[in-house]
Amino acid sequence: MTYKLSVLDRSRTRQGDEPSAALRDTVAFAQQVEDLGYHRFWVSEHHSVPGVAGSAPTVLAAAVAAATSRIRVGTGGVMLPNHRPLVVAEQFGVLASLFPGRIDMGLGRSVGFTDGIRRALGVEKDAMGDFEDRLAELAGWFTGESAPYPGVHALPAEGLRPPLFVLANEAGADVAARAGAALVIGGLKGEGAMAAAIERYRTGFVPSAWREKPYVTVAGNVAVAETRDAARRLLVPEAWALAHSRTHGVFPPLRPVEEIEGRLIPSMSQRERGFYEAALRGHIHGTEGDVTAALDSLVARTGADEVLITTSTYDRAALLDSYRRLAGAVTATAAGAAATGTTAPAPPASPDPAPSWP
42 MTYKLSVLDR
52 SRTRQGDEPS
62 AALRDTVAFA
72 QQVEDLGYHR
82 FWVSEHHSVP
92 GVAGSAPTVL
102 AAAVAAATSR
112 IRVGTGGVML
122 PNHRPLVVAE
132 QFGVLASLFP
142 GRIDMGLGRS
152 VGFTDGIRRA
162 LGVEKDAMGD
172 FEDRLAELAG
182 WFTGESAPYP
192 GVHALPAEGL
202 RPPLFVLANE
212 AGADVAARAG
222 AALVIGGLKG
232 EGAMAAAIER
242 YRTGFVPSAW
252 REKPYVTVAG
262 NVAVAETRDA
272 ARRLLVPEAW
282 ALAHSRTHGV
292 FPPLRPVEEI
302 EGRLIPSMSQ
312 RERGFYEAAL
322 RGHIHGTEGD
332 VTAALDSLVA
342 RTGADEVLIT
352 TSTYDRAALL
362 DSYRRLAGAV
372 TATAAGAAAT
382 GTTAPAPPAS
392 PDPAPSWP
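According to this note's numbering, the stretch in the sequence shown is residues 42 to 399, in order.
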């Protein structure tokens, strides 16, 4: 089974390090996964989050693109409610002009998660409601059809077509279809709902200046190690951070697995432990054989064209090893199927449910 593998890195901070170190790590990580043959490398947008250093995705994408030479670079994503569409068009126009043929424009509709952040950004919680209108305005700046603003042009974006991706949940899939954009979908623990959203996207897709036919990327955490237990432990730091954020209101830097298992888990409240255990579910992890079987099954069920890996962990070396093992295993599986002239056999059930959008 053939599908593309890509990476979303959220510039996660680590206990004891400055946020600047996380940004430098992101650039270095992009160089490493480019060498491993990954198709895209995307960065994210978060504001006032101690555990995430990436607050200016187009700026960081420029640094990543400058440090690499082949891998596609983009955003997963720019949160359109936080910005004027004209400014977003100009930023991607600059990126696409500096790095022609390598820039992806991934857009989402999230806003800041607290009232204070939203006020600082100048948006309200209901700003997500006009995402589709903002998306249409943004497209108009590239096509030159900016009807509400006659005589105004987004330079150098006008006439360019960096591939457009919409980060979506099940409702957003319909928006992506009407916009003629590629769909990036995750965060749906119920796989049936995800499959239904993807089917609606394909059925409702309207060809556009951006894309002639539907394109689906499924996103989630995938961890690979020598043993299933070692792979599962890679997911522990992020699961602990999520549980901490749900109970303390702050998404923290990542901590070492040994500290979490030895000191933090035993002191968890029952409520926090429930969030922690829930955060460990809904991902793919295991050995190379476990994970390739699970991914093949996921792609077969969804018809996905691409899998976007979003895994973070405290141990950078172990994280890179996971991505290296994954790339090697998927490549080897595809090569073996091609050599025999057959498709990959139907895989067993995955060790965990389908991956989820973090």
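For glycine and all other residues, C-beta sits at the position ideal for the given N, C-alpha and C. Please read these numbers as outputs of a predicted model, since none were measured by experiment.
**Asked** According to DSSP, is L321 helix, strand or coil?
**Response** Taking the first residue of the sequence shown as position 1, residue 321 is located at position 280. The answer is coil: DSSP assigns L321 none of H, G, I, E or B.
**Asked** Considering only the beta carbon of each residue, do V371 and L49 sit closer than 8 Å?
**Response** Walking along the sequence shown from the start, residue 371 turns up at place 330. Walking along the sequence shown from the start, residue 49 turns up at place 8. Taking 8 Å as the Cβ cut-off, V371 and L49 do not qualify as a contacting pair.
**Asked** Terminal residues of the continuous beta strand (DSSP E) containing T116?
**Response** What you label residue 116 is simply residue 75 of the sequence shown in a count that begins at 1. Start and end: 113 to 116.
**Asked** Around the Cβ of Y190, are there at least 16 other Cβ atoms within 10 angstroms (buried) or fewer (exposed)?
**Response** As a position in the sequence shown, residue 190 is number 149, starting the count at 1. With fewer than 16 other Cβ atoms within 10 Å, it is exposed.
**Request:** Give me the Cα-Cα distance between E120 and A250, rounded to the nearest whole angstrom.
**Result:** If you number the sequence shown from 1, residue 120 lands on position 79. If you number the sequence shown from 1, residue 250 lands on position 209. Correcting the residue identity first, residue 120 is Met in this sequence and not Glu. Distance between the alpha carbons of M120 and A250 is about 22 Å.
**Message:** I need the straight-line Cα distance from A195 to R143, nearest angstrom please.
**Reply:** Here residue 195 refers to the residue found at position 154 of the sequence shown. Here residue 143 refers to the residue found at position 102 of the sequence shown. If I take the Cα positions, the gap works out to 20 Å.
**Prompt:** What's the call for Q311, buried or exposed, on a 16-neighbour Cβ count within 10 Å?
**Reply:** Counting from one through the sequence shown, the residue named residue 311 turns up at place 270. The residue in question, Q311, is exposed, as its Cβ has fewer than 16 Cβ neighbours within 10 Å.
**Message:** Quick check on T258: does DSSP put it in helix, strand or coil?
**Reply:** Sequence index remark: in the sequence shown, residue 258 carries index 217 (1-based). Reduced to three states, the DSSP call for T258 is strand.
**Request:** Compare the C-alpha of H289 against each of L64, P91, G323, R269 and name the closest.
**Result:** Residue 289 sits at position 248 when you count from the first residue of the sequence shown. The residue with the shortest Cα to Cα distance from H289 is P91.
**Message:** Between which two residues does the beta strand (DSSP E) holding F206 run?
**Reply:** Within the sequence shown, numbered from 1, the residue matching residue 206 stands at position 165. From DSSP, the beta strand (DSSP E) with F206 extends over 205 to 209.
**Request:** Please list, in chain order, all residues of the same chain as I350 whose beta carbon is under 6 Å from its beta carbon, the five residues on each side excluded.
**Result:** Numbered from its first residue, the sequence shown carries residue 350 at position 309. Counting only Cβ-Cβ distances below 6 Å, and skipping sequence neighbours, we find V48, V263.
**Request:** Return helix, strand or coil for L101, following the three-state DSSP convention.
**Result:** On the sequence shown, residue 101 is found 60 positions in, with the first residue counted as 1. The answer is helix: DSSP assigns L101 an H, G or I state.
**Asked** Ordered along the chain, which non-local residues of its own chain (more than five positions away) have a Cβ less than 6 Å from that of T67?
**Response** As a working mapping, residue 67 is identified with position 26 in the sequence shown. So the qualifying residues of the chain are D50, S52.
**Request:** Note down the Cα distance separating A373 from E240, rounded to an integer number of angstroms.
**Result:** Counting from one through the sequence shown, the residue named residue 373 turns up at place 332. Counting from one through the sequence shown, the residue named residue 240 turns up at place 199. Spanning the two alpha carbons is a distance of roughly 30 Å.
**Message:** According to DSSP, is L77 part of a helix, a strand, or is it coil?
**Reply:** Indexing the sequence shown from 1 puts residue 77 at position 36. L77: coil per DSSP, three-state reduction.
**Prompt:** Taking just the CA atoms, how far does L176 sit from G221?
**Reply:** For the purposes of this step, residue 221 is identified with residue 180 of the sequence shown, where counting begins at 1. For the purposes of this step, residue 176 is identified with residue 135 of the sequence shown, where counting begins at 1. Distance between the alpha carbons of G221 and L176 is about 11 Å.
**Request:** Please work out which residues of its chain come closer than 7 Å, Cβ to Cβ, to S363, disregarding the five sequence neighbours upstream and downstream, and give them in chain order.
**Result:** On the sequence shown, position 322 is the one that residue 363 refers to. Only A264, V265, A266, L275, T352 meet the Cβ criterion.
**beta strand (DSSP E) runs contained entirely in the region 254 to 298, provided each spans 3 or more residues** = 257 to 261, 263 to 265
**Request:** Mind reading off the beta-carbon distance from L101 to L162? Whole number of angstroms is fine, and I expect it under 8 Å.
**Result:** Working through the sequence shown from its first residue, we reach residue 101 at position 60. Working through the sequence shown from its first residue, we reach residue 162 at position 121. About 18 Å; that fails the 8 Å criterion.
**Asked** Tell me, which residues are paired with F82 by DSSP?
**Response** Position 41 of the sequence shown, counted from the start, is the residue given in the question as residue 82. According to DSSP, which records beta bridges pairwise, F82 is partnered with V48, V114.
**Request:** Return the CA-CA distance between R111 and A104, expressed in angstroms with no decimal places.
**Result:** Stepping through the sequence shown from its first residue, residue 111 is reached at position 70. Stepping through the sequence shown from its first residue, residue 104 is reached at position 63. Roughly 14 Å between the two C-alpha positions.
**Request:** State yes or no: is the C-beta of F82 within less than 8 Å of the C-beta of V93?
**Result:** Here residue 82 refers to the residue found at position 41 of the sequence shown. Here residue 93 refers to the residue found at position 52 of the sequence shown. No, the Cβ-Cβ distance between F82 and V93 is not below 8 Å.
**Request:** On a CA-only basis, which of G181, P255, Y44, S89 is nearest T54? Give me that one, please.
**Result:** Against the sequence shown, residue 54 aligns to sequence position 13. T54 has its Cα closest to that of S89, out of G181, P255, Y44, S89.
**Item:** Beta-ladder partner(s) of I34, from DSSP
**Value:** The structure shown does not extend to residue 34, since the chain is modelled only from 42 through 399, so no value can be given for it.
**Message:** Suppose you measure from the CA of F172 to the CA of V128; what does that come to, to the nearest Å?
**Reply:** Here residue 172 corresponds to residue number 131 of the sequence shown, with the count starting at 1. Here residue 128 corresponds to residue number 87 of the sequence shown, with the count starting at 1. Cα to Cα, the separation comes out at about 15 Å.
**Sequence-distant residues of the same chain with beta carbon closer than 8 Å to V164, five excluded per side** = By one-based count along the sequence shown, residue 164 stands at place 123. Counting only Cβ-Cβ distances below 8 Å, and skipping sequence neighbours, we find P122, N123, V152, G153.
**Classification of D331 by the beta-carbon crowding that lies within 10 angstroms, buried from 16 upward** = Residue numbering aside, residue 331 sits at position 290 when the sequence shown is read from its first letter. When all chains shown are included, D331 counts as buried.
**Item:** Spatial distance of A198 from A368 (CA atoms)
**Value:** Position 157 of the sequence shown, counted from the start, is the residue given in the question as residue 198. Position 327 of the sequence shown, counted from the start, is the residue given in the question as residue 368. Straight-line Cα distance between these residues: approximately 34 Å.
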